[in-house]
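*Asks:* Below is the structure I would like to discuss, written out as structure tokens.
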Amino acid sequence: MFEKLRILSGIGVPKVDHPLADARELRRILGEIPTTQPIKALEEIVGWLESLRDTPDFPELRLYEAASQLDDAAQPCLRALSRDYLHSPRLALADEKRLWTMSHGFWTALAAVYERGLATVREQGRSREQLKPVLPGLCARQINALGNVLKWVQFRSGSAPGNLWQRLGGALLAAEAAGVATHLTRLRSNQQGMTSPQQEFIRILGLQAASLDSLLPMEIEIAERLIAHFQPEFVFGAVAAHDSVYWIDLALDQPPTRLARMPPQARPSQRFFKAGAAHAGIVTLLQEIEQGHDIPGEINLGGHYQAGTLIAVLRHLAAYLAPIPPQRRHGRHDVRQPAELLYGLANARAAFSGKLGSGDAGAANAGWLVENVSRGGFGAVLGGIPAAWLKVGALVTMRPAGGDHWQLGVVRRYQRGETESRVGIETLALRAEPGELRTRAASSYSALAGIPALLIQEGCPNGELRALMPVGSFDLGETLECDLHGRRTCLTPVALVERGADFELARYRVSATA
């Protein structure tokens, strides 16, 4: 089809002095891309995309042909980089940043080229007519590229770049105006399945509705693939149903908003969204995985994951895509109070034992400001560059500047902005007691080196406590002992509650020893 369209579009089109404008030269360049070296290959592809973006008077149809073939060629390299970014254990910060920069940079450059071609669709004339045959693919690829820009930003807990939602909405509006929003097309020549501009937009909308700022990058990747599977069941349209959950204005630069009440003014560019039957499908899948069943073969997650990881993501989707999404459990009160924030288990133990030194790593981080507090936790903002440890799931210890009492928490939400970062922290306890845990089997209780822990009785059922310990310490088959309030106490394991980067939180049943 491209050959026929190229012949037709070549009549009267001025010659462009660019190698990608020539079909033979384009094939040669694609054939010489070193696809066995993903980073080098992407560097070359991004360079070519940037040259397309910056070359004036490049014929729109040839621009789309070159961009789409570069897009197709890049996909195996992108999958390799994504796999390394998400699954490599103990990835060095420099390597992580390089993988992120390459992937995010590719999608940003690709979106800019597709957008240049899409701008022609809004104009009358010959160029618009020439693009009609490829318009469903152009719009779908443009929306997909912008969605990937957003996903990679979310991997680093960032917020949507300026006007990204307006660009997404503009691409869908262009497809609707041309009557191709629901036309099925193959997204890429080397991928199976069909999609449409509207389906690509709904997938991104569903991800945004799922509140990804409380998920880790691997969990975001799983959530995206699950949402892509359930996407046909989502409900999206220009008319608000009585149970619509979100709304968005495609002409405005704003993300989807919960439909607590109808928008103040009706506009033709407004669309409404709910999970519909997809929510029931997610709940059913969650129940099956919890019962020990394997993930169905028709769901492509792009890899194999532990059941616990899948269950955590499915529970999150089941909650946030429900007909009534989670509401705040506790009232929130605004404050403006500087605070000290420590990170990690070692600093938490030092703080609660009163042995925190001024030179300890992670002590007295500057620039933190608590903005709001509730019974369940607090929100804080950090001006400046965030430290590398600041991630969802990080263990923190906080006290107001000049205060005497620490509180223990875990970062549940994190959003990094250009000038400041915001975090939502769930409070684990206001009081904790440092302790040493030892196995009951030890022949010499006093001589055995123990497991350093923080013991928490606050908020536990009668006869139980929670223990914060280093990663790898919990064993469901191992009973421990400790000194608790001056008494030798037996701790029988109940369950592992949570595992973070440097800690495990577990429940134990408490009983006195002889």
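Sequential numbering from 40 applies to the sequence shown in this note's numbering.
Just so it is clear, CB atoms sit at the ideal spot from N, CA and C, and this is done for glycine as well.
Keep in mind that this is a model prediction, so the values were computed, not measured.
Does DSSP put Val152 in a helix, a strand or coil?
*Replies:* helix
*Asks:* Pull up the distance between the alpha-carbon of Pro58 and that of Leu298, whole angstroms please.
*Replies:* 50 Å
*Asks:* May I have the straight-line CA-CA distance separating Met437 from Ala427, to the nearest angstrom?
*Replies:* For the pair Met437 and Ala427, the Cα-to-Cα distance works out to about 18 Å.
*Asks:* Considering only residues of the same chain and omitting the five flanking positions on each side of Arg63, which have a CB-CB separation below 7 Å?
*Replies:* If you ignore the 5 residues before and after Arg63, its C-beta comes within less than 7 Å of no other C-beta in its own chain.
*Asks:* Can you check DSSP and say which residues form a bridge with Asp252?
*Replies:* The partner list for Asp252 (beta bridge, DSSP) is empty, contrary to what the question assumes.
*Asks:* Can you check which of these residues, Pro175, Thr147 and Arg306, is closest to Gly186 by C-alpha distance?
*Replies:* Thr147
*Asks:* Residues bridged to Glu459 by DSSP?
*Replies:* BP columns for Glu459 point to Gly422.
*Asks:* Helix, strand or coil for Lys394? Go by DSSP, reduced to three states.
*Replies:* coil
*Asks:* Starting from the Cα of Lys210, find the closest Cα among Phe240, Arg455, Phe97 and Val412 and give me that residue.
*Replies:* It should be noted that the sequence gives Ala, not Lys, for residue 210. Considering only alpha carbons, the answer is Phe240.
*Asks:* To the nearest whole angstrom, what separates the beta carbons of Leu69 and Gln114, a pair I think is in contact under 8 Å?
*Replies:* About 13 Å separates the two Cβ atoms, so there is no contact after all.
*Asks:* Quick test of the definition: if touching needs 3 or more C-beta pairs under 8 Å, does the stretch 540 to 548 touch the stretch 501 to 508?
*Replies:* Yes, the stretch 540 to 548 touches the stretch 501 to 508.
*Asks:* Can you tell which of Asp292, Ile350 and Cys499 has its C-alpha closest to the C-alpha of His332?
*Replies:* Ile350
*Asks:* Do you know offhand how far Ser554's Cα is from Arg195's?
*Replies:* As shown, the chain starts at 40 and ends at 553. That puts residue 554 outside it, with no answer to give.
*Asks:* Apart from the five residues on each side of it in sequence, which residues of its chain come closer than 6 Å, Cβ to Cβ, to Gly49?
*Replies:* At Gly49, the pLDDT of 44 sits below 50, so the modelled position is not reliable; the number obtained from the coordinates is stated separately. For Gly49, where only same-chain residues beyond five positions count, there are no Cβ hits under 6 Å.
*Asks:* Name, in chain order, the residues that DSSP records as bridge partners for Asp288.
*Replies:* Gln309
*Asks:* If you compare alpha carbons, which of Asn411, Ser228, Pro335 and Leu384 is closest to His372?
*Replies:* Asn411
*Asks:* If we ignore side chains and look at the alpha-carbon of each, how far apart do Thr140 and Cys499 end up?
*Replies:* CA-to-CA, the gap between Thr140 and Cys499 works out to about 44 Å.
*Asks:* Please tell me whether Trp204 and Asp292 are closer than 8 Å, where the distance is taken between their beta carbons.
*Replies:* yes
*Asks:* To test your reading of the DSSP string, which unbroken alpha helix (DSSP H) runs of 4 or more residues are found completely within the stretch 78 to 147?
*Replies:* Qualifying alpha helix (DSSP H) stretches, in chain order: 99 to 126.
*Asks:* Should Ala534 go down as buried or exposed, given a rule of 16 or more other Cβ atoms within 10 Å for buried?
*Replies:* Classification for Ala534: exposed.
*Asks:* Where does Ala105 land, buried or exposed, given buried means 16+ other C-beta within 10 angstroms?
*Replies:* buried
*Asks:* Whole-angstrom Cβ separation of Val409 and Gln454, contact assumed at under 8 Å?
*Replies:* No, Val409 and Gln454 are not in contact; Cβ-Cβ is about 16 Å, not under 8 Å.
*Asks:* Evaluate Met233 with the Cβ neighbour count: other Cβ atoms within 10 Å of its Cβ, from every protein chain shown; 16 or more gives buried, anything less gives exposed.
*Replies:* exposed
*Asks:* Could you say which of Pro236, Val510 and Ile495 lies nearest to Cys521 if we only look at CA atoms?
*Replies:* Ile495
*Asks:* Can you give the Cα-Cα distance for Asp399 and Leu177, rounded to whole angstroms?
*Replies:* With a pLDDT of 47 at Asp399, under the threshold of 50, the predicted position of this residue should be treated as unreliable, though the coordinate-derived value follows. Straight-line Cα distance between these residues: approximately 55 Å.
*Asks:* What whole-angstrom Cβ distance do Ala150 and Gln181 have, given they're in contact under 8 Å?
*Replies:* 6 Å
*Asks:* Contact check, Ala346 vs Leu325 under 8 Å by CB: the rounded distance?
*Replies:* About 11 Å separates the two Cβ atoms, so there is no contact after all.
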